[in-house]
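Structure, as structure tokens:
Chains as they are written, first to last, in the numbering used here: chain A, 271 to 558; chain B, 223 to 644.
So this is what it looks like as structure tokens:
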């Protein structure tokens, strides 16, 4: 943390922008962040190569089994984007978000840098917002890394062309790309709930590792709960429940019902856990 | 904004108390947000559901006539179907896989993938769990029905003489010719393609239910409801015969145009509805023409449904029996109205797999017998002995000689039927 140099007396709006820029720079220069992004970029490569080897470039892959959209990948490389997002969304993406969000406050506290951050006249609320904004940015960057890597691999290994939607309608490649972009946006927004949850956990402890482990553990627990049929009354309120609804963007016409529920649920989690994080962080004693 | 706030207020008692109060106030924010959200989620559907619109009184006959003369030809909407027949849940893979294997055996280049686009396997899926369907209708010649699955969709498009079924999961399209002679009554018995799925729409379910009415049935109008944002009358149909397992059937009919919007079948045993199919959104405007246009996507495997069916006709039948008992040969129906009992003669024909198991179980008190015992209750009567298999709606009695009695009736009625047949 190298920002304790010439801190002005009063916080100005531009100053918090600077804080944000600084925070983003620090976060995305970390080896850990880069390693996470590399893992995310690697998943589409693995999936693409596996499909290529399995099918030998001819015929559909394994008649409907496997992750969503995988049978379409050999026809159109763009579908590797959808497949990769469907593969990474349940675990890889939220796990990396959990690592980043869990570390956001607790990691600073653990390294003893939190109080220096607060010595600068940023204010705790502002610092928390900056941390959350950085995590959100990572949601977007992580999703885009998966999508772009998948698009590259898909373009290299498979033909590109007109896109067949789930309803059997064919749209142009340009519209397919637009829909892929929209899907990436929805996936990134789907992760904001877990980001807020991770940030809240991060304000509870001074150990970055503990916060990360708790967040990822919570994520796994909730994912398991989401598969137990006896809990079906509870499941619509679990944050991963509507995650795969991004596929509804590939219907014709688009089926908005679940998408709206998903985004509403993420907004709710963001507000509840964001304000909980704020309540905790602005009232606790910073000792490290 | 003061910085590093709490550390500064550990001073004297007064400030400590105010810091505590501030802490409580701040923690109240997330709690309040969560509470408001929970209240909204809990109460808004309750208010939306309980709204009984004020509509002029109407008799049951008038309401049925309203349904009958309803000439709504165009609609589009989303249907939610929840089925709880008390059957073990049937994941799609099992149904499709089973058919795939059989058809593959039957030979042919396209056995395996052809089956996954066949409507029968999709029908099986609808028999349990909750499903979302999108329907669009424009007259008797143009219909579209899509089963919305997780990251997959199964669509049936009927446009003039063409019927297409497309399964996105396996990227397979099934093509059939609609029978030209049977326009309007599209999807007749030999065709069979959209028929089963069409029955899932509230209209057809309602028609079926009304057909079953007669002196065996009481039909009343019971209040009003709001379904998919539209005012609706509620028609309640109750069997008068006490042996029936059907408690009541409730059909919500659009007050403006007589279109049935919701169909709920509650078993006599109570609990959740066995079948609940209703529009969640509905629009009576003419659907856009391109909705009914279907060209097989590039790269999709296209299966000729007519040929495929001719080839697989016999093999598909054993699967259908779970859903459609009338599809079987060697079947007689006794009783009338709600207490009709279908009798399927065993002895090697009729139910190949289950019948054979029943015969085995008679002789060998081995594993198969024990397994069957765990599934069904043993009953005896003057007909001999047999086992009763129960679901929430349908009970089946399989006698030891392999004859099966099936009906939406209680156990005693089945035993009586078996005794009468002796």
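Virtual Cβ for every residue (Gly too), placed ideally from N, Cα, C. Nothing here was measured: the structure is a model prediction, and the numbers come from that model.
Residue state for residue 477/A is assigned as coil, using DSSP reduced to three classes.
Going by C-alpha positions, residue 417/A is about 16 Å away from residue 342/A. Following the DSSP letters along the chain, one finds residue 461/B inside the beta strand (DSSP E) bounded by residues 452–461. In this structure, DSSP gives residue 502/A a state outside helix and strand, which the three-state scheme calls coil. In this model, residue 353/B and residue 384/A are separated by some 50 Å (Cα to Cα). The distance from the Cβ of residue 471/A to that of residue 481/A is about 5 Å, consistent with a contact at the 8 Å cut-off. Between the region 376–391 of chain B and the region 512–527 of chain B, the count of C-beta pairs closer than 8 Å reaches three or more; the two stretches touch. The beta-carbon of residue 438/A is placed less than 7 Å from the nearest beta-carbon of chain B.
Among the residues of the region 538–556 of chain A, those with a Cβ less than 9 Å away from any Cβ of chain B are 538, 541, 542, 543, 544, 545, 546, 547, 548, 549, 550, 552, 553, 554, 555 and 556, in the order of the chain.
Taking a 10 Å sphere around the C-beta of residue 440/B, we find fewer than 16 other C-beta atoms and assign the residue as exposed. Per the C-alpha coordinates, the member of 399/B, 467/B, 455/B and 505/B positioned closest to residue 495/B is 467/B. By the rule that beta-carbons nearer than 7 Å mark a contact, residue 477/A does not touch chain B. The beta carbon of residue 615/B sits closer than 6 Å to those of 307, 467, 489, 496 and 630, all from its chain and outside the five residues before and after it, given in chain order. Look at residue 296/B here: in three-state DSSP terms it is strand. For the pair residue 530/A and residue 293/B, the Cα-to-Cα distance works out to about 34 Å.
Using a Cβ distance threshold of 7 Å, residue 497/A and residue 379/A do not count as a contacting pair.
Between residue 625/B and residue 567/B, the CB-CB gap stays under 7 Å. Excluding residues up to 5 positions away in sequence, 463, 465, 466, 629, 631 and 635 lie with their Cβ nearer than 7 Å to the Cβ of residue 561/B in the same chain. Beta-carbon to beta-carbon, residue 317/A and residue 353/A are separated by about 6 Å, close enough to satisfy the 8 Å threshold. For residue 422/A, the closest Cβ of chain B is not nearer than 7 Å.
Contacts with chain B at 7 Å (Cβ-Cβ) include residue 434/A. One alpha carbon belongs to residue 254/B, the other to residue 261/B, and they sit about 10 Å apart. The C-alpha of residue 391/B is placed about 22 Å away from the C-alpha of residue 452/A. Within chain A, no C-beta atom comes nearer than 8 Å to that of residue 301/B; the closest sits roughly 12 Å away. Beyond the five residues adjoining it in sequence on each side, residue 371/A comes within less than 7 Å, by CB distance, of 405, 465, 468, 469, 472 and 485 in the same chain, given in chain order. Residue 530/A is outside the set of residues whose beta carbon lies under 7 Å from a beta carbon in chain B.
Only residues of its own chain outside the window of five on either side were considered, and among them 303, 370, 404 and 408 have a CB closer than 8 Å to the CB of residue 297/A, listed in chain order.
What residue 517/A touches in chain B, judged by beta-carbon distance under 7 Å, is 373, going in chain order.
Listed by position along chain A, the residues whose Cβ is nearer than 8 Å to that of residue 244/B are 553.
Boundaries of the alpha helix (DSSP H) harbouring residue 380/A: 362–381, taken from the DSSP string. Scanning chain A for C-beta atoms nearer than 8 Å to the C-beta of residue 395/B yields 438, reported in chain order.
At least one CB atom of chain A sits nearer than 7 Å to the CB of residue 251/B. Taking a Cβ-Cβ threshold of 9 Å, the residues of chain B close to residue 345/A are 393, 519, 520, 521 and 522, in chain order. Secondary structure at residue 283/B: helix, using DSSP grouped into helix, strand and coil. Proximity of residue 452/B to chain A, defined by a Cβ-Cβ separation below 7 Å, is not satisfied. The three-state secondary structure of residue 507/A, taken from DSSP, is helix.
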